[in-house]
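From first to last, the protein sequence lines are chains A and B. Here our numbering is used: the first residue of the first sequence is 1, the next is one more, and so on. Here our numbering is used: the first residue of the second sequence is 115, the next is one more, and so on. All residues carry an ideal CB built from backbone N, CA and C; glycine is no exception. Here the structure is a predicted model, which is why all the values come from computation and not from measurement.
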Amino acid sequence: NAGVMQNPRHLVRRRGQEARLRCSPMKGHSHVYWYRQLPEEGLKFMVYLQKENIIDESGMPKERFSAEFPKEGPSILRIQQVVRGDSAAYFCASSPQSSGNTIYFGEGSWLTVV
Amino acid sequence: RKEVEQDPGPFNVPEGATVAFNCTYSNSASQSFFWYRQDCRKEPKLLMSVYSSGNEDGRFTAQLNRASQYISLLIRDSKLSDSATYLCVVRRNQAGTALIFGKGTTLSVSS
């Protein structure tokens, strides 16, 4: 199955720890998107990346959050010094190119901050 | 004003009913439009793209009115398996921007 792969699927962190979420796009896809879904809320766009480039980070919180998509390896969403409000489902999606195509989602990473 | 707005519902309908969802978007430069479906604690999945001429896929019909910046989804002959949250999705323009999701409309079909 060459779908979008996210890991870990579930992650528990204590307040103040760091969370790292990984996303491997579908084979042949060079564009990665991260979305966050808070409980009972809709999907919020966070960041859009191509290999080694951040294209649009307009949805990223200004502090503690960062994302990368290196030349080799998965995309990583990093949350430093997590707080309870970071508890959410983080979905990664990928597409083969930017214009006009739909995007395909991974199964999500569920972060719980205790 | 949110970029994509939907009636959150829930819509509770019996099997066999016809149900319509509406969505409005605020950015007139938006170019691509979609409906996604999301089941509880699952990832969103593409239901169908939406074209200006309107398009149909089995029991599902999508319409787009660019002048009114309005998108609709009609589901005919509802099935129990249609119970889910339906997400209206807009791409701002073709030049490499991400998809923006509405909060979703929840549908519950009962027997």
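Who are the near neighbours of residue i in its chain, counting only those whose CB is closer than 8 Å to its CB and skipping five residues on each side?
{"i": "residue 121 of chain B", "result": "135, 136 and 219"}
{"i": "residue 9 of chain A", "result": "107, 108, 109 and 110"}
{"i": "residue 128 of chain B", "result": "192, 223, 224 and 225"}
Quick one, which of the options has its alpha-carbon nearest residue i's?
{"i": "residue 159 of chain B", "options": "B:117, B:116, B:115 and B:196", "result": "B:196"}
{"i": "residue 185 of chain B", "options": "B:213, B:131, B:163 and B:224", "result": "B:163"}
{"i": "residue 205 of chain B", "options": "B:115, B:131, B:130 and B:148", "result": "B:148"}
{"i": "residue 203 of chain B", "options": "A:44, A:25 and A:14", "result": "A:44"}
{"i": "residue 131 of chain B", "options": "B:178, B:183, B:191 and B:155", "result": "B:191"}
{"i": "residue 165 of chain B", "options": "B:125, B:133, B:152 and B:180", "result": "B:180"}
{"i": "residue 76 of chain A", "options": "A:3, A:24, A:4 and A:2", "result": "A:24"}
Taking DSSP's pairing of strands, which residues face residue i in a bridge?
{"i": "residue 86 of chain A", "result": "According to DSSP, residue 86 of chain A bridges with nothing at all."}
{"i": "residue 44 of chain A", "result": "A:36"}
{"i": "residue 201 of chain B", "result": "B:150"}
{"i": "residue 22 of chain A", "result": "A:7 and A:76"}
Just to confirm my understanding: we take residue i, look at its own chain, exclude 5 residues before and 5 after, and list those with CB closer than 6 Å. What are they?
{"i": "residue 123 of chain B", "result": "219 and 220"}
{"i": "residue 177 of chain B", "result": "168 and 186"}
For residue i, collect the residues of the same chain with a Cβ closer than 7 Å to its Cβ; drop the 5 residues on either side in sequence, then sort them by chain order.
{"i": "residue 64 of chain A", "result": "79, 80 and 81"}
{"i": "residue 117 of chain A", "result": "Not covered by the structure: residue 117 of chain A. The range shown for chain A is 1 to 114."}
task: Tell me, please, whether the region 137 to 145 of chain B touches the region 39 to 53 of chain A by the rule of three or more beta-carbon pairs shorter than 8 Å.
output: As far as the Cβ criterion goes, the region 137 to 145 of chain B does not touch the region 39 to 53 of chain A, which means the pair count is below three.
task: Give, in chain order, every residue of the region 150 to 166 of chain B whose Cβ lies closer than 9 Å to some Cβ of chain A.
output: Taking 9 Å as the cut-off between beta carbons, the residues of the region 150 to 166 of chain B near chain A are 150, 152, 155, 156, 157, 158, 159, 160 and 163, in sequence order.
- prompt: Can at least three beta-carbon pairs, one atom from the region 73 to 92 of chain A and one from the region 7 to 21 of chain A, be found at a separation below 8 Å?
  reply: Touching, per the Cβ criterion.
field: chain B contacts from the region 63 to 93 of chain A (Cβ-Cβ distance under 7 Å)
entry: Those would be 91, in chain order.
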